[in-house]
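J.: Chains as they are written, first to last, in our numbering: chain F, 1 to 783; chain P, 784 to 1012; chain U, 1013 to 1101; chain L, 1102 to 1190. Questions regarding the structure given below will be posed in turn.
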Amino acid sequence: MTQTPVTTFPADETLTDERARELGHELGLRRDEYDQVVEALGRVPTVSELGMYSVMWSEHCSYKSSKVHLRRLEATSPRILAGPGENAGVVDVGDGLAVAFKVESHNHPSFVEPYQGAATGVGGILRDIFTMGARPIAVMDSLRFGDPTVDGLGPRSRAFQRAIVDGVVRGVGGYGNCVGVPNIGGETVFDDRYATNPLVNVLAIGVMPVERLQLATAEQVGDVAILLGSSTGRDGIGGASVLASQEFDEGLEDKRPNVQVGDPFREKSLIECCLELYDRDLLAGIQDMGAAGIACSTAELASAASMGMDVDLDAVHLREPSMASWEILCSESQERMLALAHPDGVDEVLAVAARWDVPASVIGEVVAGDRLRLHRRGELVADLPARSLADEGPTYDRPRERPAWQDGYGIVVAEDLPIPGLADDGDLAGFVAKFLASPSLAAADWVHGQYDSWVRGGTVLGPGQGDAGVVRLPGSARGIACALDGNGRWCELDPAEGTRRVVAEAFRNVACVGATPIASTNCLNFGNPERPEIMWQLATSIEALGEATRTLGIPVTGGNVSLYNESRVGGSDDPRDTHIWPTPVIGVLGVIDDAAMAVGQAFVQEGDVVFLLGDETRPGLAGSALQAYLDLPLGGRLAPVDLDLEARLAVVLGEAARAGLLHSAHDISDGGLVAALADSAVLGDIGVQIVPTERKDPAQLLFSESPSRVLVTTPSDSVRELARLCADAEVPLADVGTVGGTTIDVQGLLTLSLEDVRDAHLRGVPTAVDPSLVTTATGEVVT
Amino acid sequence: MRVGVITFPGSLDDHDALAAATRGGAEGVGLWHGDTDLSGVDAVVLPGGFSYGDYLRTGAIAQHAPIMAAVRAFAADGGPVLGICNGFQILCEAGLLPGALLRNSGLRFVSRPVFVTVERRDTPFTRGFDHPGPWSVPLKSGEGCYHADPATLDRLEAEDRVVFRYLPGDNPNGSARNIAGVSNEAGNVVGLMPHPEHAVDDDLAGGDDFLAMFAGLASDVPEHESLSR
Amino acid sequence: MPRVAIDVLLKREILDPQGRALERALPGLGHGEASDVRVGKHIELDLDVSGDELATTVESMAHDFLTNPVIETYVWRIIQPDERADANS
Amino acid sequence: MPRVAIDVLLKREILDPQGRALERALPGLGHGEASDVRVGKHIELDLDVSGDELATTVESMAHDFLTNPVIETYVWRIIQPDERADANS
Ligand SMILES: Nc1ncnc2c1ncn2[C@@H]1O[C@H](COP(=O)(O)OP(=O)(O)O)[C@@H](O)[C@H]1O
Ligand SMILES: [Mg+2]
């Protein structure tokens, strides 16, 4: 292989091998990765090429640490129209409609600039959805923050944590509200493990007629590449900015923030523009521009079609004309798409774009062969095999090792906790009220009360109303349901069982509203994969994820991996303290034939009978919310989840909902029975009297988080029918009480006034996070 | 009855407003901000959303859209015009309704159902309500705090032009005198912050308390219905 | 081409909740010294007009469009390159 | 007590969607003369500190709290009563 720079490249693009290797290193390319680049090219890369390879072969874009494991998730189902590897999974939901959905993280950007980080996270996942041909109809957000009730130093100070929460929630709302996609749910968790590394995962759902599905494989030689959307600027190329040391201009670094600013208004126009282009069948292919912008989208389109592409970077509409080629290529400016059109249709495409006031420029052409060739100021600046960039990056099977600290968890006594008020015959009700006000358990109204959940007129169950969000599909009685769940503490304790439990919970949440779960997506938030312990957590979790989703019949249609999430606890350098809890967040999609029959969480009617469906209460305080609340060390053993029982439970819930037997359904999870009762009672503004049928340890009865349990309420005249369904499906049910009154009562143990619980439940989050306690959960000024 | 709904760049609830008009028994007609005529519709709705991203000021850019000249003329002629949320903001910016919408006093976007009373039931948009309520309707806005100077407020009250009011003690955004919606002098132009188009279907989260608004609009009305009391 | 800066605030008699929130938050952040805090908009633009025309153009732009006279009020001035709020970026 | 005005803009290389939208709208309103439009925040406050301390106070306030230095930048100055943006209200 040659060491001499190719003379046909302009001087400012040319590097010596030594310099290129050095820069490559600074850009995060390993020595052997750099060699692989040289091998793919047969020469030393140009500056632009080096920039492109370093971004495309990064963990974020290439999944190099997780790929070998993600293969284990592969699954097939006749319903799946597009699976992992596409921008989003697409499933057939019947009636000629297909649904695209996917979840993605924006963790690091949300720490650096909470508002914009979260906002652009929403924008990015929406583009994944409409790239597939679907109109976005819902978003959900899963948020994990530090504990704002603990006041520490610097980033751990309350003010800092509150600023993150405030910015992220405003950002999710600011973007989603303005782009006009309803938020239908999510989760909000506070735990010190996320103090300097919040998790911001956003899921989006879209719908389309099956035939509108856009798969980027149809292009032909001569097809024209059109850049649609915002101008390309210097934002989001922080990582690649070491390339600027090539230039003379000093102090340029800080001018290249890796933060991007979102423009939801532009995104809205872009959505409408693209949907019109699909409907008029004007496109041969389309790709959104996320990480690595033009480099990534051109390489992916060309590679997917096994073709080449010639691109003229001078045609790209720039925000700053002085941008270097590598800056144009690596820019992550938001709200951009790359579309391919037949030459005859280009004028029409440009006209549609103009109507929606979306800037558009023709920047290239599909050519025979496999080369991606990029020109700038008339000269070639990059010439590489598209496939090498998009699909032939390095993959690693990194060393894995079960962490020694796992042994410590096993010996913690978790099931026998000293519960104030229970152990000492004191004020148990007072303790429970405080417990329910802890921000992770309290109602998230302060969060989703800032999100539009009504727009586009399909929301049947919005955030906080059911175990899953439910949206009726346009022009149909049919609806889709979606739940998004994670639990880092469970997964830290036991990545395999924890992951199974999380999958089971998301599955169960979809079943609770009466929908049939059909597919799943996931976002895997883990620490540093170069540490064998973390790699073990990741691999173990993925294996369990594959197994659980196959068993439950909810094949994985796609997802996202976010690694290098680290949060130093108390400034410690000990490896066991520096990772976030391993946090796979699972999204499950379900279908409900008649959306109007969806079942919510709220208790509805005095006199309704309360049943506990599913498993009996088992020891379930290991890794529980109670353990965390009492500040006890994480530990114990997770009771295994019976996935067959989960599947049968889901069948019963679906049939009961279709038959109209259920007034409410809510699974028992974080915080145990007391938390579930509080949710349903507060939401329905009606009390409940529970008469425990099980002779259990009171602590377990009230707080156990053991899986496969659902509280349902049913009018008394439906009881027999429900019992028959349960018997047929071999799902245990126990009559545990009655809806009514103004208290939450667990006989012999606990009486809470509904008023107190409501107050605790609604004030928990704002009290902890609102930077100025002048407002209540819904924005009223309290003065 | 043909009800036109204007789509501005950034309109979001145009689709819902059309559906609501249809559900109320009218024919929904889509209108485009860049057009200069109203296609002969019998009523016009300026829907909710973030026209032009709400950049600069809510409604500030949209009020200059080409179609607004036709809307002004239509309104001056007594044609029924309804502004919902962003549409209300546009009508205020355009001077077709008095006052302005400021940032919510709590400084946060507020999205939740509110109860409002219908204070005046002789406008084209309220004649369908058979009692003053309170009626439940979703509210979702960051700049919904109704403001006008005291003299204007007094005049509005005196002339019975406060059309919708939040319940005392449940004012979600700090609006002056709990005002949720107002009308012009003639009563044919009405604006409100909550979203009636999200409250026309009992199967959905928003309920159907405001179906009466669209049903009333669509119902046959005498040619020269008197709008003033 | 002159560059113009236009500063917009809510009229004094209108409560400015943002300013108030800021004022209330500042003491907690170690800045008890601040009072009468107002938060508004800062707009900068290059204008391809000169002389007498400049004032008329800015005034009409500000009055008709950049502000809502029902609630807002403004001042404007010509600024030099080093007075741009983004001069240091 | 000195009154301080702080003008905040997004850094120059960062997209300013508001400024862009405004710039695109202005020609339609008969103001084709405007270019390089940026929209940011204008903050005014009275500060009960003086002399050397003033600069330190404002800088720390602006840096730590009023702006996010990752994306925003600012300038500040002392203003006279008639330079208040709400002087005319
Ligand atoms: N970040 C969020 N965005 C939207 N909805 C949320 C968010 N966080 C929580 N929710 C909603 O609030 C409700 C309560 O959430 P959570 O506290 O996680 O309780 P649960 O254990 O019932 O899932 C759920 O309906 C959920 O969808
Ligand atoms: Mg949950």
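All residues carry an ideal CB built from backbone N, CA and C; glycine is no exception.
Going by other Cβ atoms of all chains shown within 10 Å of its Cβ, with 16 needed for buried, is N971 of chain P buried or exposed?
T.: It counts as buried.
J.: Could you check how far apart the C-beta atoms of G308 of chain F and A386 of chain F are, in whole angstroms? I think they sit under 8 Å.
T.: 6 Å
J.: In three-state DSSP terms, what is H1132 of chain L?
T.: Assignment of H1132 of chain L by DSSP, reduced to helix, strand and coil, places it in the coil class.
J.: Less than 8 Å between C-beta atoms, sequence neighbours within five positions excluded: which residues of the same chain meet that for N887 of chain P?
T.: V893, S924, G925, E926, G927, C928, P955, N956, G957
J.: Give the straight-line distance between the Cα atoms of S1161 of chain L and G152 of chain F, rounded to the nearest whole angstrom.
T.: 21 Å
J.: Please report how far the alpha carbon of D735 of chain F lies from the alpha carbon of V610 of chain F, in whole angstroms.
T.: 6 Å
J.: Could one say the Cβ of N1100 of chain U lies closer than 8 Å to chain L's Cβ atoms, at least one of them?
T.: yes
J.: Taking only the alpha-carbon atoms, compute the straight-line gap between V259 of chain F and A483 of chain F and give it to the nearest angstrom.
T.: 30 Å
J.: Please specify which runs of the alpha helix (DSSP H), each continuous and at least 4 residues long, are wholly inside the segment 142–220 of chain F, giving them in chain order.
T.: 158–179
J.: Alpha carbon to alpha carbon, how far is I237 of chain F from L801 of chain P? Give it in angstroms, no decimals.
T.: Going by the C-alpha atoms only, they are around 43 Å apart.
J.: Could you tell me how far apart the beta carbons of I668 of chain F and A676 of chain F are, in whole angstroms, since I believe they sit closer than 8 Å?
T.: 5 Å
J.: Per DSSP, which one or two residues make a beta bridge with P109 of chain F?
T.: Assignment of beta-bridge partners to P109 of chain F by DSSP yields no partner.
J.: Given a limit of 8 Å on CB to CB distance, which residues of the segment 878–905 of chain P reach chain F?
T.: N887, S888, G889, L890, R891, F892, V893, S894, R895
J.: Have a look at F:G486, F:G458, F:R144 and flag the residue whose alpha-carbon is nearest the alpha-carbon of A477 of chain F.
T.: F:G458
J.: When DSSP builds the beta bridges, which residues end up paired with I419 of chain F?
T.: Looking at the DSSP assignment, I419 of chain F forms no beta bridge with any residue, so it has no partner.
J.: Would you report the Cα separation of S664 of chain F and I592 of chain F, rounded to the nearest angstrom?
T.: A direct Cα-Cα distance of roughly 16 Å separates S664 of chain F from I592 of chain F.
J.: Tell me the start and end of each unbroken beta strand (DSSP E) in the segment 482–531 of chain F that is at least 3 residues and wholly inside, in chain order.
T.: 516–525
J.: Can you check which of these residues, F:D141, F:I129, F:A647, is closest to R212 of chain F by C-alpha distance?
T.: F:I129
J.: Specify whether the segment 830–843 of chain P and the segment 984–996 of chain P touch according to this definition: at least 3 beta carbon pairs, one from each stretch, less than 8 Å apart.
T.: no
J.: Take R1032 of chain U and list the residues in its own chain whose beta-carbon comes closer than 7 Å to its own, dropping the five residues that flank it on each side.
T.: none
J.: Hey, would you say F145 of chain F sits closer than 8 Å to G154 of chain F, going by beta carbons?
T.: no
J.: Within the continuous beta strand (DSSP E) that includes C928 of chain P, where are the two ends?
T.: 928–930
J.: Closest Cβ-Cβ distance between H978 of chain P and chain F: below 8 Å?
T.: yes
J.: Pull up the CB-CB distance for L233 of chain F and S333 of chain F, whole angstroms please, since I reckon it's below 8 Å.
T.: Looking at the sequence provided, one finds Gly at residue 233 of chain F rather than Leu. Contact holds; Cβ gap of about 5 Å.
J.: What residues from chain L crowd round R266 of chain F, counting only those whose CB sits closer than 8 Å?
T.: P1118
J.: For D485 of chain F versus I586 of chain F, is the C-beta distance shorter than 8 Å?
T.: yes
J.: For G426 of chain F, count neighbouring Cβ atoms within 10 angstroms of its own Cβ and tell me buried if that reaches 16, exposed if not.
T.: exposed
J.: Interface residues of chain P around N565 of chain F at Cβ under 8 Å?
T.: Under the 8 Å cutoff, chain P gives no residues; its nearest Cβ is about 28 Å from N565 of chain F.
J.: I need the DSSP call for H981 of chain P, collapsed to helix, strand or coil.
T.: helix
J.: Quick check on V1087 of chain U - is its C-beta less than 8 Å from some C-beta in chain C?
T.: Annotation note: the requested chain C is absent from the structure, which comprises protein chains F, P, U and L.
J.: Can you look up V362 of chain F in the DSSP assignment and give me helix, strand or coil?
T.: strand
J.: For A302 of chain F, which of F:Q450, F:G285, F:G290, F:L313 has the nearest alpha-carbon?
T.: Among F:Q450, F:G285, F:G290, F:L313, the Cα nearest to that of A302 of chain F is on F:G285.
J.: Taking F833 of chain P as the query, report the chain F residues whose CB atoms sit under 9 Å from its CB, ordered along the chain.
T.: N177, C178, V179, G180, P264, F265, K268
J.: Kindly indicate which residue of F:A414, F:G96, F:G123, F:L27 has the alpha-carbon position closest to the one of Y175 of chain F.
T.: F:G123
J.: For R127 of chain F, I'd like the list of residues in its chain whose CB is within less than 6 Å of its CB, leaving aside the five on either flank, ordered along the chain.
T.: D288
J.: For R31 of chain F, does the count of other Cβ atoms within 10 angstroms reach 16, so buried, or fall short, so exposed?
T.: exposed
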